[in-house]
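For what it's worth, numbering that gives the first Met the number 0 labels the leading residue of the sequence shown as 0, then goes sequentially.
Worksheet: one structure, shown below.
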Amino acid sequence: MCGISCYIGGEDAAPIVLRGLRNLEYRGYDSYGIAVKLSDKIEVKKSVGRISDSSLQLPKSNIAISHTRWATHGGVTEANAHPHLSCDEKLALVHNGIIENYTELKKELQAKGHKFRSETDTETAVHLIEEGVKGGKPLMEAVMEACRQIVGTFAFSVISVDEEKMVVARRGSPIAIGIGSKGDFFVGSDVTAFLHHTKKSVFLDDDQLAMIEKGEGIKYFDIKTGKEVEKKITEIEWDPAEAQKQGHKHFMLKEIMEQPIAIQKAIQGRIKDGLPCLEEIDSLEEFLKNTKRIVIVACGTALYAGWTSEYFLENALRLPVEIEYASEYRYRNPVVDDSVLTIAVSQSGETADTLAALRESKKRGSKVLAICNVMGSTIARESDAVIYNRAGPEIGVASTKAFTTQVSILLLVGLHIGLLQKKIDEAKVKEITSALQQLPEQVKEALAEKESIQEIAKKYYEKKNALFLGRGQNFPIALEGALKLKEISYLHAEGYAAAEMKHGPIALVDEETPSVFVVPKDRSYDKTLGNVEEIKARKGNVIAVSNKGASEIARIADDVIYIPTVREELIPIVAVVPLQLLAYYIADLRNCDIDKPRNLAKSVTVE
Ligand code: F6R
Numbered sequence: 000m001c002g003i004s005c006y007i008g009g010e011d012a013a014p015i016v017l018r019g020l021r022n023l024e025y026r027g028y029d030s031y032g033i034a035v036k037l038s039d040k041i042e043v044k045k046s047v048g049r050i051s052d053s054s055l056q057l058p059k060s061n062i063a064i065s066h067t068r069w070a071t072h073g074g075v076t077e078a079n080a081h082p083h084l085s086c087d088e089k090l091a092l093v094h095n096g097i098i099e100n101y102t103e104l105k106k107e108l109q110a111k112g113h114k115f116r117s118e119t120d121t122e123t124a125v126h127l128i129e130e131g132v133k134g135g136k137p138l139m140e141a142v143m144e145a146c147r148q149i150v151g152t153f154a155f156s157v158i159s160v161d162e163e164k165m166v167v168a169r170r171g172s173p174i175a176i177g178i179g180s181k182g183d184f185f186v187g188s189d190v191t192a193f194l195h196h197t198k199k200s201v202f203l204d205d206d207q208l209a210m211i212e213k214g215e216g217i218k219y220f221d222i223k224t225g226k227e228v229e230k231k232i233t234e235i236e237w238d239p240a241e242a243q244k245q246g247h248k249h250f251m252l253k254e255i256m257e258q259p260i261a262i263q264k265a266i267q268g269r270i271k272d273g274l275p276c277l278e279e280i281d282s283l284e285e286f287l288k289n290t291k292r293i294v295i296v297a298c299g300t301a302l303y304a305g306w307t308s309e310y311f312l313e314n315a316l317r318l319p320v321e322i323e324y325a326s327e328y329r330y331r332n333p334v335v336d337d338s339v340l341t342i343a344v345s346q347s348g349e350t351a352d353t354l355a356a357l358r359e360s361k362k363r364g365s366k367v368l369a370i371c372n373v374m375g376s377t378i379a380r381e382s383d384a385v386i387y388n389r390a391g392p393e394i395g396v397a398s399t400k401a402f403t404t405q406v407s408i409l410l411l412v413g414l415h416i417g418l419l420q421k422k423i424d425e426a427k428v429k430e431i432t433s434a435l436q437q438l439p440e441q442v443k444e445a446l447a448e449k450e451s452i453q454e455i456a457k458k459y460y461e462k463k464n465a466l467f468l469g470r471g472q473n474f475p476i477a478l479e480g481a482l483k484l485k486e487i488s489y490l491h492a493e494g495y496a497a498a499e500m501k502h503g504p505i506a507l508v509d510e511e512t513p514s515v516f517v518v519p520k521d522r523s524y525d526k527t528l529g530n531v532e533e534i535k536a537r538k539g540n541v542i543a544v545s546n547k548g549a550s551e552i553a554r555i556a557d558d559v560i561y562i563p564t565v566r567e568e569l570i571p572i573v574a575v576v577p578l579q580l581l582a583y584y585i586a587d588l589r590n591c592d593i594d595k596p597r598n599l600a601k602s603v604t605v606e
């Protein structure tokens, strides 16, 4: 979704915000723009398409706001790109979110003589603020007043030619403020916008506003009451170098390859003497001892991580575990009460539907545990407890290391609850944690197959359709494999429970539609072999993900990708790796924009 990058301080602002915008490119965008404050005017440059240095030659200034736009209201045009200016061009504003009552507000403002230059909902805000300023209000008060009149979601950053200030406000859309070491401030829709300058960040909560004054510092206010509030500075643990490609062709490949270390960090210090040690959820101990049901809410890949874990959690805890598409859950009348643990899984911690689902659960008395990768994110802050993935920044739009770390952490959570509820004995827990500690090495082994996966990609990249099939816990892995292929290569791929094929989808199988089977040597191996035979009997090509020594599948399948042999609970984590690589190499051969696939945004902050 849209990105915001702003600066106020003693340095030349335009190059700083431009670099921040580039760091945010991964969020997805179709146009962009920058405004710099000069002594007598605000200069704005906007453009459609990718950020280019040449189109943004701007004069020196210490205050700048900038934005990458992912179109919602109004087409992809320069006029619709942010920043938007007031009629007198003395105010400039960037916005993430949606102003729901913009039609009424626009009518009122037009009746007062305001001239609109774009089709966006955003432009309404800058005219509304202009009304306040014209009425004699300082910028901060005018922004606060406008926020009170707006229905919908926003993260705003606003500047005025008449004041050496920047006003930042939030309701429903994330915004972070970076506290620089030289009395300077950075504003970003997420911390990657400014992480290379500072790791100190303040996250605004809903209905909060920050007024940053050049040379004076920052103050925070509650928009509803107008009263000043205190805010805490969070120290971000990520290393800015992690947000670079580090020699890889794409972020996605870098992130696939760093999974061993990501898993290592995710479990580090969280296993002591062979037992899970999750201090983050200590406060929920009494609740977890008695919880009767688990509901996992998430979207996309995070949902598949939850779905994968469902098999282990149900088996180990003997509790009902439900997987819910967050976007559906919130519009039902879910049967949830104070005996239910809701687990919200989200890499970004900002996905609007997941956030709404967790709020729905909380409203009904459920305790919410978040598994998030981004520190200080909204989902992390609104949950009763949070366990961070510690996977480092995930920049590629297609989620990879977030998935494997989410599944690893969910496994530890399951073991922890299992011990609290006395459903699983310590000896078994120790066996599993010991296996989990070996997992980074085994994921390395799975990654070592990359050349053979590249060769397989060469055979299939020109096909139009593919099926991904698996049984049991390998079924959500098949769903994830299909999602990876679709989103980055634009090939049609369907994930299916292997045995369900006979009930319809098998009609799709022919010489042109390959099937990727996740068929490790586990309890469903023999049954899945039968499903492979069904595909072969219909002349379909089969690519199998299986273990060395699985001679039956090697005999039937056209191609086999080998994964190391691991404990059953851990199979999904090693099995997903070749599917990520297969999607990556196919997309690369098809010359797709892998890190920024068309139409997609890294963090989906609108419904
Ligand atoms: C797929 C992908 C998306 C996200 C989904 C949820 O590769 O990245 O499906 O998994 O949008 O995002 P988070 O985890 O940030 O809530």
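Glycine included, C-beta positions come from ideal geometry on N, C-alpha and C.
Nothing here was measured: the structure is a model prediction, and the numbers come from that model.
_Just verifying my parser: in three-state terms, what is the DSSP assignment at K485?_
On the sequence shown, residue 485 is found 486 positions in, with the first residue counted as 1. Residue state, collapsed to three classes: helix.
*Among K199, V373 and D204, which has the Cα closest to the Cα of F155?*
Residue numbering aside, residue 155 sits at position 156 when the sequence shown is read from its first letter. With distances taken between Cα atoms, F155 lies closest to D204.
*Quickly, what does DSSP pair G32 with across the bridge? List them, please.*
Counted from its first residue, the sequence shown places residue 32 at position 33. Checking the DSSP bridge columns, you'll see G32 partnered with K45 and H66.
*Just to check, is the beta-carbon of T300 closer than 6 Å to a non-hydrogen atom of the ligand F6R?*
The count along the sequence shown starts at 1 and reaches residue 300 at position 301. Yes, the Cβ of T300 comes within 6 Å of a heavy atom of the ligand F6R.
*So what does DSSP say about N388, is it helix, strand or coil?*
The residue labelled residue 388 in the question sits at position 389 within the sequence shown. Of the three classes helix, strand and coil, the one that applies to N388 here is coil, per DSSP.
*Do Q441 and P275 have their CB atoms nearer than 7 Å?*
Against the sequence shown, residue 441 aligns to sequence position 442. Against the sequence shown, residue 275 aligns to sequence position 276. Contact: no.
*First and last residue of the beta strand (DSSP E) that includes K199?*
Residue mapping note: residue 199 aligns to position 200 of the sequence shown, counting from 1. Here the beta strand (DSSP E) through K199 covers K199 to F202.
*Find out if the Cβ-Cβ distance for the pair E163, K213 is shorter than 7 Å.*
Here residue 163 corresponds to residue number 164 of the sequence shown, with the count starting at 1. Here residue 213 corresponds to residue number 214 of the sequence shown, with the count starting at 1. Here E163 is near K213, since their CB atoms are less than 7 Å apart.
*Name the two residues that bound the continuous beta strand (DSSP E) containing R170.*
Here residue 170 refers to the residue found at position 171 when the sequence shown is read from its first residue. Residues K164 to R170.
_Delimiting residues of the alpha helix (DSSP H) encompassing G216_ = For this step, residue 216 is matched to residue 217 along the sequence shown. Counting along the chain, G216 falls outside any alpha helix (DSSP H), though it belongs to the beta strand (DSSP E) covering G216 to D221.
*Between the beta-carbon of G348 and the beta-carbon of A301, is there less than 7 Å?*
Taking the sequence shown and counting its residues from 1, the one referred to as residue 348 is at position 349. Taking the sequence shown and counting its residues from 1, the one referred to as residue 301 is at position 302. If you check the CB distance, G348 and A301 do not come in under 7 Å.
*Straight-line CA distance for D272 to S407?*
Within the sequence shown, the letter at position 273 stands for residue 272. Within the sequence shown, the letter at position 408 stands for residue 407. Cα to Cα, the separation comes out at about 18 Å.
*Start-to-end residues for the beta strand (DSSP E) that takes in V296*: Counted from its first residue, the sequence shown places residue 296 at position 297. V296 -> beta strand (DSSP E) spans R292 to A297.
*Q258 beta carbon near the ligand F6R (any heavy atom closer than 6 Å)*: In the sequence shown, counting from the first residue as 1, residue 258 sits at position 259. Q258: no, Cβ never under 6 Å from the ligand F6R.
_the region 235-246 contacting the region 566-585, beta-carbon criterion three pairs below 8 Å_ = When Cβ pairs closer than 8 Å are counted between the two stretches, the region 235-246 is seen not to touch the region 566-585, the count staying below three.
_So, with DSSP's three-state summary, where would you put Q472?_
Position 473 of the sequence shown, counting from 1, holds the residue named residue 472. Of the three classes helix, strand and coil, the one that applies to Q472 here is coil, per DSSP.
*Per DSSP, what kind of secondary structure is Y101 in: helix, strand or coil?*
Translated into the one-based positions of the sequence shown, residue 101 becomes position 102. DSSP places Y101 in helix when its eight states are reduced to three.
*Is the Cβ-Cβ distance between M210 and V150 less than 7 Å?*
As a working note, residue 210 is residue 211 in the sequence shown. As a working note, residue 150 is residue 151 in the sequence shown. No, these two residues do not count as a Cβ contact at 7 Å.
*Can the beta-carbon of A34 be found closer than 7 Å to that of V43?*
Counting from 1 along the sequence shown, the entry for residue 34 is found at position 35. Counting from 1 along the sequence shown, the entry for residue 43 is found at position 44. V43 is positioned such that its CB atom lies closer than 7 Å to that of A34.
*asked:* Considering only their Cβ atoms, is the gap separating I370 from Q405 smaller than 7 Å?
replied: Taking the sequence shown and counting its residues from 1, the one referred to as residue 405 is at position 406. Taking the sequence shown and counting its residues from 1, the one referred to as residue 370 is at position 371. Cβ atoms of Q405 and I370: closer than 7 Å.
*Do I262 and T399 have their C-beta atoms within less than 7 Å of each other?*
In the sequence shown, counting from the first residue as 1, residue 262 sits at position 263. In the sequence shown, counting from the first residue as 1, residue 399 sits at position 400. Not in contact: I262 and T399 (Cβ atoms no closer than 7 Å).
*Can you say whether D525 is buried or exposed, counting buried as having 16 or more other CB atoms within 10 angstroms of its CB?*
One-based indexing of the sequence shown puts residue 525 at position 526. The residue in question, D525, is exposed, as its Cβ has fewer than 16 Cβ neighbours within 10 Å.
*CA-CA distance, P519 and L252?*
Taking the sequence shown and counting its residues from 1, one reaches residue 519 at position 520. Taking the sequence shown and counting its residues from 1, one reaches residue 252 at position 253. In a straight line, the C-alpha of P519 is about 24 Å away from that of L252.
*Pick from A456, S451, L484 and E130: whose alpha carbon is nearest that of F622?*
Nothing about residue 622 can be read from this structure; the chain reaches only from 0 to 606.
*asked:* Once DSSP output is grouped into helix, strand and coil, what is the label at G2?
replied: Residue mapping note: residue 2 aligns to position 3 of the sequence shown, counting from 1. For G2, the secondary structure class from DSSP, reduced to helix, strand or coil, is strand.
*Do P475 and T604 have their C-beta atoms within less than 7 Å of each other?*
Sequence index remark: in the sequence shown, residue 475 carries index 476 (1-based). Sequence index remark: in the sequence shown, residue 604 carries index 605 (1-based). For P475 and T604, no; Cβs fall outside 7 Å.
*Are the region 576-585 and the region 494-505 in contact at 8 Å, needing three or more beta carbon pairs?*
No, the region 576-585 does not touch the region 494-505.
*asked:* Just verifying my parser: in three-state terms, what is the DSSP assignment at S382?
replied: Along the sequence shown, one-based indexing puts residue 382 at 383. In the structure shown, S382 falls within a coil segment according to DSSP collapsed to helix, strand and coil.
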